[in-house]
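Working notes, beginning with the structure itself.
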Amino acid sequence: MHANFHRLVERCEQFNQQKQDRALAVMSRYGQQVFQLLPVLLHYHHPLLPGYVPGDVPAGVCHFLPNSRQQQFIDELCQAANGHQGLEHGQNEIFGIYCMGSTSSIGQSRHSDLDVWVCYSHLMAPERVARLQQKCLLISQWAEQRQVELNLFLIPDNKFRTDNQQLVQGESCGSAQHLLLLDEFYRSHLRIAGKRLVWMFAPGKLGPRYDRFVAEQFANGTLNHDEWLDLGGFDRIPAEEYFGSALWQLYKSIDSPYKAVLKTVLMEAYSHEYPDTRLLCRDLKGHFHTADRLDERQDHYMLMLEKVTGYLKSIGDDKRLDLVRRCFYLKVSEGLDLSPDHDDREQDSWRRTRINQLVSAWGWPAEKVALLNDRAHWKVEQVRSAYGELLEALMLSYRNLIQFARRNNISESINPEDIGILSRKLYAAFENLSGKVQLINLHIAPDLSEPDISLVQVPEGRVNKAGWYLYKHGLTPADILGRSALEYSGYVGKLIAWAHFNGLLVTDTRLHLFNQDTDVSQRHLQEYCDDLARLFPVRTPSPSNLALSRPCEVRQLGIFLNLEQDPTARWGDRPIEFNARTSDPFSFGQQLENLVGSVDLLYRNSWDEIRTLHFSGPTAVVDALTTILGKMHQGANAPESLQVFCYSFNFRSLIRTRFEQLINECIGLRLARDQGSTVKTLQLGTEEYGIFFERRGVSVQKREAAVDAGRQPARLPPTHRTLRLDQQAGKPIPEIVDVYASEGLMQFFFEDSGDDYNLYILDEANRVEVYRQVAGSKDELVQSINRFYTSDQQVAGQSHFAHFNLPQYYEIVAEEGQYRVLPYRTVKEDRDDPRPCPAS
319 MHANFHRLVE RCEQFNQQKQ DRALAVMSRY GQQVFQLLPV LLHYHHPLLP GYVPGDVPAG
379 VCHFLPNSRQ QQFIDELCQA ANGHQGLEHG QNEIFGIYCM GSTSSIGQSR HSDLDVWVCY
439 SHLMAPERVA RLQQKCLLIS QWAEQRQVEL NLFLIPDNKF RTDNQQLVQG ESCGSAQHLL
499 LLDEFYRSHL RIAGKRLVWM FAPGKLGPRY DRFVAEQFAN GTLNHDEWLD LGGFDRIPAE
559 EYFGSALWQL YKSIDSPYKA VLKTVLMEAY SHEYPDTRLL CRDLKGHFHT ADRLDERQDH
619 YMLMLEKVTG YLKSIGDDKR LDLVRRCFYL KVSEGLDLSP DHDDREQDSW RRTRINQLVS
679 AWGWPAEKVA LLNDRAHWKV EQVRSAYGEL LEALMLSYRN LIQFARRNNI SESINPEDIG
739 ILSRKLYAAF ENLSGKVQLI NLHIAPDLSE PDISLVQVPE GRVNKAGWYL YKHGLTPADI
799 LGRSALEYSG YVGKLIAWAH FNGLLVTDTR LHLFNQDTDV SQRHLQEYCD DLARLFPVRT
859 PSPSNLALSR PCEVRQLGIF LNLEQDPTAR WGDRPIEFNA RTSDPFSFGQ QLENLVGSVD
919 LLYRNSWDEI RTLHFSGPTA VVDALTTILG KMHQGANAPE SLQVFCYSFN FRSLIRTRFE
979 QLINECIGLR LARDQGSTVK TLQLGTEEYG IFFERRGVSV QKREAAVDAG RQPARLPPTH
1039 RTLRLDQQAG KPIPEIVDVY ASEGLMQFFF EDSGDDYNLY ILDEANRVEV YRQVAGSKDE
1099 LVQSINRFYT SDQQVAGQSH FAHFNLPQYY EIVAEEGQYR VLPYRTVKED RDDPRPCPAS
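Numbering (the numbering used here), first residue to last: 319 to 1158.
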């Protein structure tokens, strides 16, 4: 071991205590409580303790000795347990509890989450590990009740000596990172209780000789297994990990964009030094071996800044260097008042001092610092600018890492399932599609609400493009002249939805309308805003991995009739003649008028995308029906909520009720799996339409009015063409392929056939290709397809995030004579249980 081994042990204990004190000083009162009681909850197992699970649950943390606060809690608990003299535990089965991430660093804030590793023996019985996992989940829920985000990750002691087959799950990075995760753990860990880590004390240049060296230290008695935990060493990070890590950091940017930019550029810097990468954990260990006090050289956030700064300077990228510095500043100053007249609190003084030193070294003007310090008051302009900058930087790092992989002719180590899950989340969050409501506030600013929002409509034939413009001001000349519109759309419903979901439009916002040639009124516009807010919450729980591995389904659906075009608004005082036979609002009165002039659809799908669609004119009803039904594959669930609203000046209730009955009937026909093709006839005005429901989709055909019984109806090209499956010389394709057919994405279905397999491919338009008796590896095929989709080749007019619309892969399996479709899983022998592994 190190020549000054015993001195290093003393220094380790001293530094670890100082880091604990520093971490506790930043935390809230509840954060301190959770942090200090965590080892007590894992050391003991008692019905009165949070996290109690009946049965044989592993307990006992090696070398845990309660401090005064912990002992007070234990004594109070014992008194509550009818005077029981003490809590008991068996053997110590938990090797150690370690915090990782920002805790105790300059990057920690009052609201930082706690990512904690709970290490145990890989020989522990799986059923006991499952009980410990359940206990950890209950402890996390207990912490959540105290507004503390606590993520507990079970880590077997051999985790980094075996192949990583974990799956992405919640805050778990799954197979996206492995040794890169160990690198971050070693450079950021804080021991809460338990054994010391061998790696921190081993000489820094052992490389592949690490395992043999450590074994010798245990054999000669320098180390003993009762006091020391060895999670393993590594010579270098495999190049295959960089792609998965980049994908993971892109995903993490949805909630933590500033930190994600720093870590993604760090991965790029690591790849730039490959194969002789100087890992930050090695730098920190080198500082630890020579330091006589705890300083910034042992702060992994400062080391990360130093690393990415050196890299960006070396390639002359001043633009990204400035962004990285701003990201670092915003991350580490979170929760700090950096105004010049603020009195230092003792626990914050070291952070403020170091931040001010950095600002001075960077030569930032006072105006720049003031703008960053004012982030709590940023509004949509600043947020939109930051959003674009952050995404551009993240995608540049991602493309550079893809090119690194191509240059070195390496494949990714992340498994196809995790690629699919992460890419789908990125596609849903960032891809800007027509009609999609783009969410721009990635936790950039806390409040984008505006007191006034104006909507201005421009007719055809004017200088400006016809359509609707949204402003964040009133309509008086002093307010609006010289102002630029925040957003444009061809229809007003999209703008209101954008303002609602991005937080600009709130209950107290005053709406202003300048409308020139549509039927939108101030009253109806306000009603639409109120209906939208009641039906669609701004935020919902994140989609599950299972939902992301399947075709997206419509979860919430709002249908808004006659908001822009209302045929009844132009009736005036003229008499309306109708009877029982002519009371259908789609073909109403003696003139057989269609009372629906426009249809706006707004829906949230199972991938948490928010989409808007607008239809107007005499065919708005059938156009809207066939479009929204095309978003529902036959095997989908019906929407969890569906409401129809109508803004007509006349017959509002009649129109709404009729459309509601029609859409519910059509959804029932579309999703029914036990019937063949069905045709529904619908009359709109004087025209008659046939809506054709088939397994693979919905189409519509217009017919002439049946005046002459002997006359054939005119057949126009269908709005949505239903394509027949190629039956491949009489060999039928499983019907369940039709059931899962979903527009807008590639789908691959594997069906085992002896030693080979059949492959059915549905493209974005549900056209089918069939390949039978395919030989070779499914895994390799999936990897090659994903590699093609995630390549950095750019198609004209296509956004970078279009690359993340990866195909979905399924297995067709037969169970008791019935076919089922399951998400495709990588074929692995001795696959690990999918227990969560840590976030990064």
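Don't be surprised by glycine CBs; every beta carbon is placed ideally from N, CA and C.
Practice problem: Determine the extent of the beta strand (DSSP E) in which residue 608 is found, giving its start and end residues. | Solution: The sequence position of residue 608 within the sequence shown is 290, counting from 1. No beta strand (DSSP E) holds residue 608; the alpha helix (DSSP H) holding it covers 598-608.
Quiz prompt | Rounded straight-line distance, which links the Cα of residue 511 to that of residue 338 | solution = As a first step, residue 338 is located in the sequence shown; it is residue number 20 there, counting from the start. As a first step, residue 511 is located in the sequence shown; it is residue number 193 there, counting from the start. Between residue 338 and residue 511, the C-alpha separation is close to 11 Å.
Quiz item: Looking at the structure shown, is residue 1069 part of a helix, part of a strand, or coil, going by DSSP?
Solution: As a working note, residue 1069 is residue 751 in the sequence shown. Strand.
Quiz item: Looking only at its own chain, which residues have a Cβ that is under 7 Å from the Cβ of residue 648, when we skip the five neighbours before and after it?
Solution: Along the sequence shown, read from residue 1 onward, the residue named residue 648 stands at position 330. Same-chain partners within the cutoff: 576, 690 and 693.
Quiz item: Can you list, in chain order, the stretches of the beta strand (DSSP E) that have 3 or more residues and sit fully within the stretch 759-802?
Solution: 770-776 and 785-789
Self-check item: Alpha-carbon spacing of residue 508 relative to residue 555, whole angstroms
Solution: Residue numbering aside, residue 508 sits at position 190 when the sequence shown is read from its first letter. Residue numbering aside, residue 555 sits at position 237 when the sequence shown is read from its first letter. Distance between the alpha carbons of residue 508 and residue 555: 22 Å.
Practice problem: Mind reading off the beta-carbon distance from residue 861 to residue 797? Whole number of angstroms is fine, and I expect it under 8 Å. | Solution: For this step, residue 861 is matched to residue 543 along the sequence shown. For this step, residue 797 is matched to residue 479 along the sequence shown. Their Cβ separation, rounded to whole angstroms, is 40 Å, which puts residue 861 and residue 797 out of contact at 8 Å.
Exercise. Compare the beta carbon distance of residue 876 and residue 913 with 8 Å and say whether it is the shorter of the two.
Key: For the purposes of this step, residue 876 is taken as the residue at position 558 of the sequence shown. For the purposes of this step, residue 913 is taken as the residue at position 595 of the sequence shown. Result no, Cβ atoms of residue 876 and residue 913 do not sit closer than 8 Å.
Quiz item: Which ranges would you report for the alpha helix (DSSP H) in the stretch 659-733 if only whole runs of at least 4 residues count?
Solution: 664-680, 684-691 and 698-725
Quiz item: Run through DSSP, which three-state label would residue 866 get?
Solution: As a position in the sequence shown, residue 866 is number 548, starting the count at 1. In the structure shown, residue 866 sits in a helix (DSSP, three-state: H, G or I).
Self-check item: Inter-residue spacing [alpha-carbon to alpha-carbon] between residue 835 and residue 786
Solution: Sequence index remark: in the sequence shown, residue 835 carries index 517 (1-based). Sequence index remark: in the sequence shown, residue 786 carries index 468 (1-based). Computed Cα separation, rounded: 11 Å.
Quiz prompt | Whole-angstrom distance between residue 922 and residue 368, CA atom to CA atom | solution = Against the sequence shown, residue 368 aligns to sequence position 50. Against the sequence shown, residue 922 aligns to sequence position 604. Answer to the nearest angstrom: the Cα atoms are 37 Å apart.
Quiz item: Could you check where the alpha helix (DSSP H) with residue 988 kicks off and where it finishes?
Solution: Along the sequence shown, read from residue 1 onward, the residue named residue 988 stands at position 670. Taken as a continuous stretch (DSSP letters only), the alpha helix (DSSP H) holding residue 988 covers 970-989.
Quiz prompt | Distance between residue 1000 and residue 1021 (C-alpha atoms, nearest Å) | solution = Looking up residue 1021 in the sequence shown gives position 703. Looking up residue 1000 in the sequence shown gives position 682. Straight-line Cα distance between these residues: approximately 10 Å.
Quiz prompt | beta strand (DSSP E) segment containing residue 460, residue limits | solution = Position 142 of the sequence shown, counting from 1, holds the residue named residue 460. Careful: residue 460 lies outside any beta strand (DSSP E), inside the alpha helix (DSSP H) at 444-462.
Quiz item: Which value, in whole angstroms, describes the spacing of the CA atoms of residue 720 and residue 856?
Solution: Working through the sequence shown from its first residue, we reach residue 720 at position 402. Working through the sequence shown from its first residue, we reach residue 856 at position 538. Taking the straight line from one Cα to the other gives about 35 Å.
Practice problem: Report all residues from its chain with a CB closer than 7 Å to the CB of residue 1034; omit the five preceding and five following residues, and keep chain order. | Solution: The residue you call residue 1034 lines up with position 716 of the sequence shown. Reliability of the predicted coordinates at residue 1034 is poor, the pLDDT of 39 falling under 50, and no value is obtained from them.
Quiz item: First and last residue of the alpha helix (DSSP H) that includes residue 575?
Solution: Here residue 575 refers to the residue found at position 257 when the sequence shown is read from its first residue. Taken as a continuous stretch (DSSP letters only), the alpha helix (DSSP H) holding residue 575 covers 575-591.
Practice problem: Check the DSSP bridge columns for residue 546 and list the partner residues they point to. | Solution: For the purposes of this step, residue 546 is taken as residue 228 along the sequence shown, with counting starting at 1. 514, per the DSSP bridge assignment.
Exercise. Go through the stretch 891-942 residue by residue and report every complete run of the alpha helix (DSSP H) that reaches 4 residues or more, in order.
Key: none
Quiz item: Any heavy atom of the ligand MN closer than 7 Å to the Cβ of residue 707?
Solution: Among the components of this structure there are no ligands whatsoever, and the ligand MN is therefore not found.
Quiz item: Distance, Cα to Cα, residue 1047 vs residue 1090?
Solution: As a position in the sequence shown, residue 1047 is number 729, starting the count at 1. As a position in the sequence shown, residue 1090 is number 772, starting the count at 1. Low local confidence applies: a pLDDT of 43 at residue 1047 is under 50, so the model's placement there is unreliable, with the coordinate-based value given in what follows. Their backbone Cα atoms lie some 12 Å apart in a straight line.
Quiz item: Run through DSSP, which three-state label would residue 530 get?
Solution: On the sequence shown, position 212 is the one that residue 530 refers to. Helix.
Quiz prompt | Residue interval of the beta strand (DSSP E) (run including residue 1132) | solution = Your numbering for residue 1132 matches position 814 in the sequence shown. Residue 1132 -> beta strand (DSSP E) spans 1126-1133.
Exercise. For residue 456, collect the residues of the same chain with a Cβ closer than 8 Å to its Cβ; drop the 5 residues on either side in sequence, then sort them by chain order.
Key: Translated into positions along the sequence shown, residue 456 becomes position 138. So the qualifying residues of the chain are 368, 369, 370 and 371.
Self-check item: Where residue 1140 falls: helix, strand or coil (DSSP)
Solution: Here residue 1140 corresponds to residue number 822 of the sequence shown, with the count starting at 1. Strand, per DSSP.
Practice problem: Just the C-alpha distance for residue 929 and residue 949, rounded to the nearest angstrom, thanks. | Solution: Translated into positions along the sequence shown, residue 929 becomes position 611. Translated into positions along the sequence shown, residue 949 becomes position 631. For residue 929 and residue 949, the distance between alpha carbons rounds to 11 Å.
Quiz item: Mapping DSSP to helix, strand and coil, what is residue 418?
Solution: Along the sequence shown, one-based indexing puts residue 418 at 100. Of the three classes helix, strand and coil, the one that applies to residue 418 here is strand, per DSSP.
Quiz item: Roughly how many whole angstroms lie between the Cα atoms of residue 578 and residue 712?
Solution: Counted from its first residue, the sequence shown places residue 578 at position 260. Counted from its first residue, the sequence shown places residue 712 at position 394. Cα to Cα, residue 578 sits roughly 8 Å from residue 712.
Practice problem: Taking residue 793 as the reference, give the member of 828, 822, 823 and 777 with the closest Cα. | Solution: Along the sequence shown, read from residue 1 onward, the residue named residue 793 stands at position 475. Looking at the Cα atoms, 828 is the closest of the given residues.
Quiz item: Which partner residues does residue 830 have in the DSSP bridge list?
Solution: Numbered from its first residue, the sequence shown carries residue 830 at position 512. According to DSSP, which records beta bridges pairwise, residue 830 is partnered with 772.
Quiz item: How would you call residue 705, buried or exposed, if buried means at least 16 neighbouring beta carbons within 10 angstroms?
Solution: On the sequence shown, residue 705 is found 387 positions in, with the first residue counted as 1. Flag for residue 705 reads buried.
Quiz item: Quick check: the stretch 588-596 against the stretch 605-614, are there 3 or more CB pairs under 8 Å?
Solution: no
Quiz item: Going by C-alpha distance, which of 561, 441, 553 and 600 is nearest residue 519?
Solution: Here residue 519 is taken as the residue at index 201 of the sequence shown, counted from 1. If we check each option's Cα against that of residue 519, 600 comes out closest.
Quiz item: If you follow the beta strand (DSSP E) that residue 1007 is part of, which residue opens it and which one closes it?
Solution: Indexing the sequence shown from 1 puts residue 1007 at position 689. Residues 1005-1012.
Quiz item: With 16 other CB atoms within 10 Å as the buried threshold, where does residue 463 fall?
Solution: On the sequence shown, position 145 is the one that residue 463 refers to. Classification of residue 463: exposed, given that the 10 Å Cβ count is below 16.
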